[in-house]
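Visitor: Sequence order for the protein chains is B and Z. The number in my numbering is simply the position in the first sequence, starting from 1, with 1 added. The number in my numbering is simply the position in the second sequence, starting from 1, with 3 added. Note that the Cβ used here is the ideal one computed from N, Cα and C, for glycine as well. Predicted model only: the values in this text are computed from it and were never measured.
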Amino acid sequence: MYILYILTGLALAISIIASRQKTAGALRIAAKRFVSILPAFLIMLILVSIVLFLITDEVIIRYLGADAKYLAVLSAAGLGSIILMPGFIAFPLAGVLLEKGVLYMVLSAFTTTLMMVGVLTYPVEKAYLGTGVTIIRNSISFVIALAVALMTGVFFGEIF
Amino acid sequence: MKWNRAIRIAVLSGYALFLILSWILGYDAGQEVSRNFTTFALDMLKIVPCAFILIGLFEVWIKRETVERHLGEGSGIMGYLWAVLLAGTTVGGVYIAFPIAYSLHSKGAKLGVIFTYIGASAICRIPMAIFEASFLGIQFTTVRLLVSLPLVIITSKILGDYLTRRKYKLSQPL
Chain B
2 MYILYILTGL ALAISIIASR QKTAGALRIA AKRFVSILPA FLIMLILVSI VLFLITDEVI
62 IRYLGADAKY LAVLSAAGLG SIILMPGFIA FPLAGVLLEK GVLYMVLSAF TTTLMMVGVL
122 TYPVEKAYLG TGVTIIRNSI SFVIALAVAL MTGVFFGEIF
Chain Z
4 MKWNRAIRIA VLSGYALFLI LSWILGYDAG QEVSRNFTTF ALDMLKIVPC AFILIGLFEV
64 WIKRETVERH LGEGSGIMGY LWAVLLAGTT VGGVYIAFPI AYSLHSKGAK LGVIFTYIGA
124 SAICRIPMAI FEASFLGIQF TTVRLLVSLP LVIITSKILG DYLTRRKYKL SQPL
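1. Quick check: the Cα distance between Ser142 of chain B and Arg21 of chain B, rounded to an integer number of angstroms?
2. Cβ of Ser50 of chain B within 8 Å of Cβ of Trp64 of chain Z?
3. Just to confirm my understanding: we take Gly33 of chain Z, look at its own chain, exclude 5 residues before and 5 after, and list those with CB closer than 8 Å. What are they?
4. Quick one: what does DSSP say Asp58 of chain B is sitting in, helix, strand or coil?
5. List the endpoints of the continuous alpha helix (DSSP H) containing Pro176 of chain Z.
6. Taking Gly119 of chain B as the query, report the chain Z residues whose CB atoms sit under 7 Å from its CB, ordered along the chain.
7. Where do the N-terminal and C-terminal ends of the alpha helix (DSSP H) with Asp68 of chain B fall, by residue?
8. Can you tell me which of Z:Ile126, Z:Lys172 and Z:Phe134 puts its alpha carbon nearest to the alpha carbon of Pro153 of chain Z?
9. My guess is that Leu173 of chain Z and Tyr105 of chain Z are in contact by the Cβ rule of under 8 Å, so how many angstroms apart are they, rounded?
10. Is it true that the CB of Ile145 of chain B sits closer than 8 Å to the CB of Gly154 of chain B?
11. Give me the Cβ distance between Thr112 of chain B and Gly158 of chain B, rounded to the nearest whole Å; I'm assuming they're in contact under 8 Å.
12. So Thr158 of chain Z contacts chain B; which residues on that side make the cut at Cβ distance below 8 Å?
13. My output table needs one value for Cys127 of chain Z: the three-state DSSP class, helix, strand or coil.
14. Determine the direct distance from the alpha carbon of Leu115 of chain B to that of Leu139 of chain Z, and round the result to whole angstroms.
15. By the criterion of Cβ-Cβ separation under 8 Å, what are the contact partners of Ile126 of chain Z in chain B?
16. Report the residue ranges of all alpha helix (DSSP H) runs contained in full by the region 12–90 of chain Z; include only those spanning at least 4 residues, in chain order.
17. Along chain B, which residues have their Cβ under 8 Å away from the Cβ of Tyr18 of chain Z?
18. Spell out whether any CB of chain B is found under 8 Å from the CB atom of Leu48 of chain Z.
19. Hey, does Tyr30 of chain Z have any beta-carbon neighbour from chain B nearer than 8 Å?
20. Can you tell which of Z:Ala13, Z:Gly91 and Z:Asn39 has the C-alpha that lies nearest to the C-alpha of Ile133 of chain Z?
21. Does any C-beta atom of chain Z lie closer than 8 Å to the C-beta of Ala128 of chain B?
22. Can you give me the start and stop residues for the alpha helix (DSSP H) that Ile145 of chain B sits inside?
23. For Phe111 of chain B, report the span of its alpha helix (DSSP H) as first-last.
24. Work out the CA separation of Ser76 of chain B and Glu59 of chain B for me, nearest whole Å.
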């Protein structure tokens with residue numbers, strides 16, 4: 002994280018030295034772009050706050066730990082698509098689940114859809130890509146995530 | 004458009020009212036929701052301002068020709084490689100990738116490269132991959148990357164080529 006601040010500060014400093022006018026222009030663009038996407042960010046935050054309340058860790062543990070493993074893979078993929086979770090929460094949780102005996106391919110379905118499929122980021126993505134492309138892109142991502150889960154299952158010998 | 008705005012304002016104020024009432028009346032669920040909101044909002048605030056400042060600097064300093072040459076129609080396979088490398092160093096969630104993708108696209112990056120960048124920024128941000136490997140093992144992360152990355156690049160190229168023929172463009176939210 003600090004690298005980002007140092008990098009931004011450095012870039013800004015160099016830019017100011019090179020041209021004050023251009024730097025002012027850059028900051029104007031930054032502010033304008035930020036303000037224009039702010040409503041979508043807010044809607045996303047509202048959705049996240051509600052969904053994270055409804056889908057607790059216990060719910061995730063129950064569905065991912067289901068006995069029927071392919072059902073577990075599918076519900077893991079479904080949950081991962083709906084939830085939006087920062088990595089610093091998701092991976093420790095996955096680590097705990099692994100110790101509890103949850104299969105690698107179930108965890109893979111969960112974390113990969115978590116990263117790739119964004120139901121909650123829909124307001125933000127739609128603003129840039131439009132409704133149609135957003136849906137196509139996320140559907141493709143969902144299929145890719147399932148392929149990843151399947152290959153993970155093959156690799157760790159969990160398929161049969 | 005006006006209706007959209009009205010609905011948006013209604014949703015935002017309804018939500019805010021719900022949270023305020025929850026705090027006053029001591030409603031647990033509402034308080035929990037508000038805690039989720041602030042946790043996630045603070046997490047975003049750590050990154051978003053920097054990201055937009057960098058986008059602004061990119062817009063004024065980087066020449067269109069430079070982006071076109073490395074990420075545009077003539078860039079070939081190297082464009083995809085750059086997209087993956089750039090995605091690897093992107094911080095924050097995928098919500099940061101969209102404004103960056105828009106910026107790159109408006110400077111002449113081709114759609115296949117844009118979709119590769121968005122997809123790759125979801126799956127192969129380097130700090131995240133290291134973190135993942137520390138909890139789930141290096142093999143897990145390796146399998147995930149080896150399967151997902153080629154699929155992301157191939158599907159991005161197909162989708163990009165298709166949409167380019169349809170004259171599709173990314174839009175700047177109003």
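Guide: The structure says:
1. 43 Å
2. no
3. Phe21, Leu22, Leu24, Ser25 and Trp26, listed in sequence order.
4. helix
5. It is not in any alpha helix (DSSP H) - Pro176 of chain Z carries neither H nor E in the DSSP assignment.
6. Val97, listed in chain order.
7. No alpha helix (DSSP H) contains Asp68 of chain B, which DSSP labels as neither H nor E.
8. Z:Ile126
9. Leu173 of chain Z to Tyr105 of chain Z, Cβ: 5 Å. Contact.
10. no
11. Rounded, the Cβ-Cβ distance is 19 Å, inconsistent with contact.
12. Residues of chain B whose Cβ lies closer than 8 Å to the Cβ of Thr158 of chain Z are, in chain order, Ile141 and Ile145.
13. coil
14. Approximately 15 Å, taken between the alpha carbons.
15. Thr113, Met116 and Met117
16. 31–48, 51–64 and 67–74
17. Going along chain B in sequence order, the residues near Tyr18 of chain Z (Cβ under 8 Å) are Ile47.
18. no
19. no
20. Z:Gly91
21. yes
22. Thr132 to Phe156
23. Tyr105 to Met117
24. 14 Å
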